[in-house]
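Written below as structure tokens is the structure these notes are about.
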């Protein structure tokens, strides 16, 4: 792999991973060939704990804005937020056809409807096994298992060669929908010769083979057998196969099922209509009816497995849910893992549910969740099956990509120079069957806060950090224009710095300090005051509030 | 177990778990008998991610202030921060003798010296096996293994009976210091009859037996064999046995060792002097010398395994360490697990070290860390060995206590009514060999921020949250006293709300809005303006900054 600056020529395939935060090429990947551009996935990421006030994060695709008319289409590999969530923002920039399998399309429609944009979107349904020509890209859709049905890997052919993109996948031999990964298609790709494999690295530090989704069934059976009251199951609203498993357990144990929370209700309705969620007609009851039934006759399917305060489970833990409360005798199942960064919030929700008298079941107490991503042995199997010339580990933090690369060398015999561990924005070029590092484009992320997209950057974030740490103090002075003397006692406004009711003495001393500085000021009163107060307040409190002085 | 209000009579033993945050009875436990009070441990907790600006957290021991002269002594079970860190604050309130084993005492001295309080403290050295009378409490010290040497469980005898407190423990059969847990002493307690066991619940959701600290040695050997450049190992400065293991690996592989970071240097020096860290005289070299040696001849022992920005490892990851940088060829070993809530920060440090060209080794990539706490089988063994009448699960979040209780019922045959799952501040009373729930005292936590202890509460925290989310906008108006008209253009100060350089238009519109409201005001201009601006800015940005208006 040689570093080389080269212009984007007709015969060159360029691949640019974009995405947010630590993960690489997770949320968006760009393919460029012969003046045409194909976008794979348009996902969001959730802010880290120190990204104060940020609602969510989208990939920075600014570098595409200059070649907007080259974009020929968008392909979405599956219906999870981190692959679909930014669709509205991407559509605003490039209103091109969007290709997705039926369930993924259904989830996109629910999402676009909420943004009032479903009419604008040019959605095209594809099915696993289909081949679609999108500009100069021949895209083949290959079914893969994941923790949502109807996921696909992609075979993308241009004259530069065939590139396989796994999407998020696991090699589940007994998936809930009985539809295993299409090994034959992957082998067929291999037979044609695969130039490069872009492969999911999420679980690169997990040895072995990820358990089948089916291992959850016995754990659920045990929960249903033992529960004497209501059962509440929390999971992602998009985890359709998990909802299917809960529905089957409810059937087996003679309970009715109700969906709670807008996104859970909407997704379930759509998935039932499309036939991805198979439930007998009398299984599902409205929540109002469920709440009137005997506790041991119902299971409530809720959102909030990540402890989000505004979700059903978050509100139940806090005691702020309007329709119903968690009561002693309830069994709550958290059928999910905390997304990195959410561990604290999820722990707090579990503890509060216990406090309210519920029995809470969560992994590792019981196997009520498994990962949707391939582990090490599956990654090696994928390499052995697809036999790519080059490997580009994607979907994971830098550490996972390094681990995936080490695995490919140690267990699949791929030489180091055939593996590209790259970061978001680092373009790769394929020419004459060789891979080259090309230039780097801005590949970071863009904060979305309220209606602002990208207007919050490092400087506003630093201000929020300072305010969050020590608050501010604001001093309003009225002085006599000629003598410079104070006309009134200084007015002080402060927030986030000290508890005012207990700080009368500190405020009185601060006023005296201000008066002293005013009395002996020799010119620049504002900066003298700010400097003096900074030292005075730090001495008094060991805190550093932002200080503002206005002299009227 | 019956709920009963009763006065603290002579014959009653009261136990009150205190502590911080989610964990119960972790940081401090109070024993009261016959007018005497014994305090066990004085620890701190680190703030959760949404506790903005807080330095650390101490237990709320306010309820003891009225009976200050009853406090007879403080016993510290081992030298970790969450059991020692609040010693300075507790000493300020009760300057009574502090009992600790030699290494624990050494760590307390280092800590107290830094606060300038070592002369004030009345430290008493005890050794495992000793019995000390502290007021009406006979305290027996029983050696237990943990991830720090010289930890003890306590047997606390009063006429009400014998209570055993495990402290933090694991049942390691091959500990690094070859000093296993004192099973004979625990059995002897059982022989005398144990009224209640207060037992560590940290790992109550982990099946099996926690691996010995010794399992780390082969993992370190592999790292030392393969590393071609420097090795940097990060762990807690108090994890003396881990430092011992790294020193032994360095000896085996012919490297010199240097300590980096103040707390690492001070603790190592103290532990070498006391004989708890056994290193040959020529193994340790100053960091300056180490940096001049060939990379493959040194190992650097650093702080910062939790990714703290101010630690050595945090600074190395950020590229802001003064003395040296991480360079390609370095091998960095994170010999620790992230404390809950630190996962994101630790991941970021790992990714950045990879970015700088280091090879980073961490669990689960290699077994370079094991837990210092007992798992389920050890908990059951402890119950079977000590044979208490009552179990009080402590040291863990509510969910761990519940899990410990379930385990005690299922695997150790203890009936539910003999187990007290209680929260901090809930007093237990033992009278005539029976356990009763007594009243609840304030058992929460106290924020320490700068020099302020307890002055930051929910209202300041809410202000910081609001400022962190959307910042503030401050409007300064000069109006004509008689006509009420504006004398100057409104002055606007804002931070954390929008990026000012890109927001000229918004600010201009905001000024126009202010002028409109002033022109048509009919009385309370300030509240009219605040109300109007709140709506105007929310419409424009979907954000809710704090709004302040001052009219001069």
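Protein chains in written order, with the working numbering: chain R, 1 to 552; chain F, 553 to 1104.
By construction, the Cβ of each residue, glycine as well, lies at the ideal position given by its N, Cα and C atoms.
- Exclusion of the five residues before and after residue 449/R leaves 53, 54, 55, 455, 456 as the residues of its chain whose Cβ lies within less than 8 Å of its Cβ.
- Counting only Cβ-Cβ distances below 8 Å, residue 140/R has no contacts in chain F at all, with the closest Cβ about 33 Å away.
- Residue 124/R holds the alpha-carbon nearest to the alpha-carbon of residue 103/R among 97/R, 93/R, 124/R.
- Neighbours of residue 459/R in chain F, taken as residues at a C-beta separation under 7 Å, are given in chain order as 1051.
- Annotation: Cβ neighbours of residue 478/R in chain F (cutoff 8 Å, chain order): 1104.
- For residue 902/F, a Cβ of chain R is located within less than 7 Å of the residue's own Cβ.
- Taking CB atoms only, residue 365/R has a neighbour in chain F less than 7 Å away.
- When secondary structure is reduced to three states using DSSP, residue 975/F falls in the coil class, being assigned neither helix nor strand.
- By the 16-neighbour rule on beta-carbons within 10 angstroms, residue 331/R is buried.
- In this chain, residue 614/F is not harboured by any beta strand (DSSP E), its DSSP state being neither H nor E.
- For residue 76/R against residue 115/R, the beta-carbon gap comes to about 16 Å, at or over 8 Å, which does not count as contact.
- For residue 954/F, the nearest beta carbon of chain R is closer than 7 Å to its own beta carbon.
- Taking all protein chains in view, the Cβ of residue 794/F is crowded by 16 or more other Cβ atoms within 10 Å, so the residue is classified as buried.
- Against chain F, a Cβ distance below 7 Å from residue 411/R picks out nothing, because the smallest value is about 15 Å.
- At least one CB of chain R lies nearer than 7 Å to the CB of residue 1003/F.
- Minimum Cα-Cα distance from residue 83/R among the listed residues 248/R, 105/R, 439/R, 69/R corresponds to 105/R.
- Separation of residue 806/F and residue 541/R (C-alpha to C-alpha, rounded to the nearest whole angstrom) is 50 Å.
- Listed in chain order, the alpha helix (DSSP H) elements of length 4 or more contained wholly in the stretch 439-489 of chain R are 458-470.
- Per DSSP, the beta-bridge partners of residue 131/R are 140/R.
- According to the DSSP assignment, residue 301/R belongs to the beta strand (DSSP E) that extends over 298-302.
- Close partners of residue 208/R in chain F (Cβ separation under 9 Å) are lacking, with about 11 Å as the shortest Cβ gap.
- Short of 7 Å from the beta carbon of residue 342/R, and not among the five residues preceding or following it, lie these beta carbons of its own chain, in chain order: 306, 307.
- Chain-order list of chain F residues neighbouring residue 347/R: 574, 892, 949, by C-beta distance under 7 Å.
- Under the three-state reduction of DSSP output, residue 259/R falls in the strand class.
- In the same chain as residue 911/F, and ignoring 5 residues on each side of it, the C-beta atoms closer than 6 Å to its own belong to 883, in chain order.
- Listed along chain F are 1047, each with a C-beta nearer than 8 Å to that of residue 546/R.
- Annotated as distal: residue 939/F and residue 747/F, with beta-carbon spacing of 7 Å or more.
- Contact check for residue 179/R and residue 146/R: beta-carbon distance about 11 Å, past the 8 Å limit, so the pair fails to qualify.
- When C-alpha distances from residue 625/F are compared across 813/F, 708/F, 761/F, the shortest belongs to 708/F.
- One alpha carbon belongs to residue 118/R, the other to residue 112/R, and they sit about 5 Å apart.
- Apart from sequence neighbours up to five positions away, the residues of its chain that approach residue 614/F with a beta-carbon distance below 7 Å are 994, ordered along the chain.
- In this structure residue 373/R is in contact with residue 168/R, their Cβ atoms being roughly 6 Å apart against a cut-off of 8 Å.
- The secondary-structure analysis by DSSP pairs residue 429/R across a beta bridge with 14/R, 436/R.
- Residue burial annotation: residue 410/R is exposed, with fewer than 16 other C-beta atoms found within 10 angstroms of its C-beta.
- Nothing from the stretch 317-328 of chain R brings a Cβ to less than 7 Å from some Cβ of chain F.
- Counting the other CB atoms within 10 Å of its CB gives residue 398/R a total of 16 or more, which places it among the buried residues.
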